[in-house]
Amino acid sequence: EPPDTPEDFSCQTQDMKRVTCTWRVGETYLYGDNSLRYTLSEMSSQKTTLCKGSCSKQCSCSWDIGQQWIWNVTVTMENPLGKKTATYVFDVNHRMYPTAPFQVWEDCTDTEITLHWNYEKNEIELFCQTEVFHPDGKVELHNSSVNSRHVTVRGLQPYTQYMARVRCGAAKHFWRWSNWSQPLTTTTKEGAPSGKLDIWREITPVLGGRNVTLFWKRTPSFQANGRIILYEVTWEKIEAGSKPGNISLSSVCNSTRIFIDNHSYRISIMAKNKVNFSPPSVLIIPRATDNKILFCSFLGTEELKEGQVNGTDDGIFISWEPRSIYDSYIIDWCNFPRLQLCDLQWKRFGPYTSSAVISSAAFVAGVRYKFHIYGSFADKAFLLEKKIGYLRELPPHLDPIVKKVDLTYNSVTLSWDSYLTNESEAGFIRGYHVYVSPVQGNCNLKGSKKHILSGESELCKYTIENPEEKRYTVKHLMPNTKYKVVVKAFTGGGETPIVYFRYIDTPYNSNMLYLVFLLVIVPTLVAAICHWKMNW
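So that you can map any letter, position 354 of the sequence shown is 354 in full-length UniProt numbering, and since no number is skipped, the others follow by simple counting.
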């Protein structure tokens, strides 16, 4: 094919001494002596050939500009089938394409980075642009003044890694940016921690006072702004005249235990890096009787009862009665309630919140979790409600033990011991099911529901929805019949499969025997006496 007209034909300089023109050409499918050849000529005064040769796809030509600034150049592409030309007129001063900046370095404070760089000297004034990459993916662009070789980036986070790079362009007749410099990675210096730690406590009464286990964790608003080297815990009596106590703990710690007497105490916890301390997080431990007095002011002398809560697909749903006196609410719980080190957790909520879904990767089905709901104001926390619940209930571990069976010819009364509903139970006992069936045949008793076992045998099923009930009477039985019975406890997770039955035999109906005696035995006896008397 003959050549196409050259595409993307342009010229530029990087040092104001030498110009390079580039262009693209299409495929001609001719090779060897017939391959595509080019000639680049200057056409302003007299035609001067600047360079010639052969190329394919991407072509270029460079020459020294000397003292000439305005150029009119033509490129001719030719093969035996034809030729095509393209012309480009330009002012070298308007086609400056600087080389990339080099020797990039920085000066840092905790919130600022000043970047410095060098670039090749030339006769054109340059201005440069700095690109700064933040850890969260945000990108900032900062332009420097003309011929300046530094720029200051402000408003950065302390002790945070940033990456920056620089490029430059002509200030007066901008043509295009240079390539980027090599990226520079730097870290701002440490600053004092900002924000407060989230702190909580667990109080255990002991002889002469209380053991207070303190916990702390970082909140989203807390910024370490450096490497935390220790935590400082301070406590002092609210009443004047006492000497405060304090301890310093390693940066790997997130809890500690202190002993206080029954007075009210102010406890503060601060995080420290090598620059300074964070603002103190404060917790007031009221006097040993304060919580009880405040609670009674709301609810009289009623003791706190544990309410039951239910699990959902997302966690355990908890609701509480809001009270206007509190500025926040706290819910705490143990991730592993059956262990001595139960991994206490807590979560804070705003003053207008009255429900929440508590979730944890540690929650498993069949484990009972206890939740305490506190109201907080003026750095004091008061216990308001207690809740217990399961992520998902499972069937009970054991069946009720039937201790007594009272039989009549048409009924049976079953009595069982109180079911132990302790913390190890896999669900809340919701009630009981009583199953009855004759050993021979299926059951069809009045007032019952059918229950099909896996072996396709039918049982009569009675439901007792009161978990406090310990006695039940099954009526409408047949006299002189063998039955099998069983009592099963059920939870929100159902009940365990039926494996064992208890067998009973109903007695004869005594009323029927008396009737038989009256209707058969007595007349027969009278007839025998009469017969004997007649013979006599």
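By construction, the Cβ of each residue, glycine as well, lies at the ideal position given by its N, Cα and C atoms.
Query - Secondary structure, beta strand (DSSP E): runs of 3+ residues fully inside the stretch 269 to 294 - result: Whole beta strand (DSSP E) segments, 3+ residues: 281 to 285.
**Report entry** Extent of the continuous alpha helix (DSSP H) to which Cys530 belongs
**Finding:** Numbered from 1 along the sequence shown, position 530 holds the residue referred to as residue 530. It spans Val522 to Asn535 - the alpha helix (DSSP H) in which Cys530 sits, taken as one unbroken run.
Query raised in the report: Exposed or buried, which one is Lys488 when buried takes at least 16 other CB atoms within 10 Å?
Result: For the purposes of this step, residue 488 is taken as the residue at position 488 of the sequence shown. Lys488 should be labelled buried.
Query - Touch test, the stretch 162 to 173 against the stretch 126 to 134, Cβ-Cβ under 8 Å, three pairs minimum - result: yes
Query raised in the report: Which one of Gly169, Lys533 and Asn143 has the shortest CA to CA distance from residue 537?
Result: It is not possible to answer for residue 537, since the shown part of the chain is limited to 1 through 536.
Query raised in the report: Considering Trp175, what are the terminal residues of the beta strand (DSSP E) in which it resides?
Result: Along the sequence shown, read from residue 1 onward, the residue named residue 175 stands at position 175. Counting along the chain, Trp175 falls outside any beta strand (DSSP E), and DSSP gives it neither H nor E.
Requested in this report: Within the UniProt domain "Fibronectin type-III" (396 to 509), note down every full beta strand (DSSP E) run reaching 3 residues or more, in order along the chain.
Outcome: DSSP runs (the beta strand (DSSP E)) wholly in the UniProt domain "Fibronectin type-III" (396 to 509): 402 to 407, 412 to 416, 431 to 438, 449 to 452, 458 to 464, 471 to 474, 482 to 490 and 502 to 505.
**Report entry** Distance cut-off 7 Å: Val151 Cβ against heavy atoms of the ligand SAM
**Finding:** What this structure holds is no ligand at all, so the ligand SAM is not there to describe.
Query raised in the report: Since Arg210 sits in a beta bridge, which residues does DSSP pair it with?
Result: Here residue 210 is taken as the residue at index 210 of the sequence shown, counted from 1. Arg210 is bridged to Pro205 and Ile260.
Query - Distance between Asn143 and Gln129 (C-alpha atoms, nearest Å) - result: Residue numbering aside, residue 129 sits at position 129 when the sequence shown is read from its first letter. Residue numbering aside, residue 143 sits at position 143 when the sequence shown is read from its first letter. So the two alpha carbons sit approximately 4 Å from each other.
Query raised in the report: Who are the Cβ neighbours of Leu283 in its own chain at under 7 Å, not counting the five residues just before and after it?
Result: The residue given as residue 283 occupies position 283 in the sequence shown. Result list for Leu283: Ile199, Arg201, Ile267 and Asp379, in chain order.
Query raised in the report: How long is the line joining the alpha carbons of Cys55 and Arg18, rounded to whole angstroms?
Result: Position 55 of the sequence shown, counted from the start, is the residue given in the question as residue 55. Position 18 of the sequence shown, counted from the start, is the residue given in the question as residue 18. Whole-angstrom Cα-Cα distance: 21 Å.
Report task. Evaluate contact between the stretch 416 to 431 and the stretch 379 to 394, counting only Cβ atoms and requiring at least three cross-stretch pairs below 8 Å. Result -> yes
Query raised in the report: Less than 8 Å separating the beta-carbons of Pro193 and Ser324?
Result: Here the question's residue 193 lines up with position 193 in the sequence shown. Here the question's residue 324 lines up with position 324 in the sequence shown. No, the Cβ-Cβ distance between Pro193 and Ser324 is not below 8 Å.
Requested in this report: Could you name the residues of the same chain whose beta carbon sits closer than 6 Å to that of Arg348, not counting the 5 residues immediately before and after it, in chain order?
Outcome: Counting from one through the sequence shown, the residue named residue 348 turns up at place 348. Closer than 6 Å at Cβ, skipping near neighbours: Ser328 and Ile330.
Query - Residue from Gly375, Met270 and Leu304 with nearest C-alpha to Pro322 - result: If you number the sequence shown from 1, residue 322 lands on position 322. Looking at Gly375, Met270 and Leu304, the one whose alpha-carbon comes closest to that of Pro322 is Gly375.
Query raised in the report: For the 8 Å Cβ check, are there 3 or more pairs between the stretch 390 to 405 and the stretch 474 to 491?
Result: Enough Cβ pairs lie closer than 8 Å, so yes.
Query raised in the report: Among Ile373, Gln340, Asn310 and Pro220, which one has its Cα closest to the Cα of Trp333?
Result: Numbered from its first residue, the sequence shown carries residue 333 at position 333. Residue Ile373 is the option with its Cα nearest to Trp333.
**Report entry** Rounded distance between the beta-carbons of Leu40 and Leu50, thought under 8 Å
**Finding:** Here residue 50 is taken as the residue at index 50 of the sequence shown, counted from 1. Here residue 40 is taken as the residue at index 40 of the sequence shown, counted from 1. The pair is a contact, with the Cβ atoms about 5 Å apart (cut-off 8 Å).
Query - For Asp332: DSSP bridge partner residues - result: The residue labelled residue 332 in the question sits at position 332 within the sequence shown. Partner(s): Trp346 and His372.
Query raised in the report: To which residues of the same chain is Val364 closer than 7 Å at the C-beta, ignoring the five residues directly before and after it?
Result: Position 364 of the sequence shown holds residue 364. Same-chain partners within the cutoff: Leu391.
Query - Residue range of the unbroken beta strand (DSSP E) whose run includes Gly311 - result: As a first step, residue 311 must be located in the sequence shown, where it is residue number 311. First-last of the beta strand (DSSP E) with Gly311: Glu306 to Gly311.
**Report entry** Three-pair Cβ contact test at 8 Å for the stretch 526 to 536 versus the stretch 501 to 508
**Finding:** no
Report task. Name the residue from Val92, Trp346 and Tyr352 whose alpha carbon lies nearest to the alpha carbon of Asp15. Result -> Here residue 15 refers to the residue found at position 15 of the sequence shown. It is Val92 whose Cα lies nearest to the Cα of Asp15.
Query raised in the report: DSSP three-state call for residue 539: helix, strand or coil?
Result: The displayed coordinates of the chain run from 1 to 536. Any statement about residue 539 would go beyond what the structure contains.
Query raised in the report: How big is the Cα-Cα spacing for Leu30 and Glu1?
Result: Your numbering for residue 30 matches position 30 in the sequence shown. Your numbering for residue 1 matches position 1 in the sequence shown. Going by the C-alpha atoms only, they are around 8 Å apart.
Query - Sheet register partners of Cys11 (DSSP bridge) - result: Along the sequence shown, one-based indexing puts residue 11 at 11. Cys21, per the DSSP bridge assignment.
Requested in this report: Closer than 8 Å by C-beta to Lys272: which residues in its own chain qualify, once you throw out the five before and the five after it? Chain order, please.
Outcome: Sequence index remark: in the sequence shown, residue 272 carries index 272 (1-based). Correct list, in chain order: Pro193, Ile228, Ile229, Leu230, Tyr231, Glu232 and Ser278.
**Report entry** Residue interval of the beta strand (DSSP E) (run including Thr5)
**Finding:** Residue 5 sits at position 5 when you count from the first residue of the sequence shown. Taken as a continuous stretch (DSSP letters only), Thr5 belongs to no beta strand (DSSP E), as it is neither H nor E.
Query raised in the report: Contact between the stretch 74 to 85 and the stretch 104 to 116: three or more CB pairs below 8 Å?
Result: no
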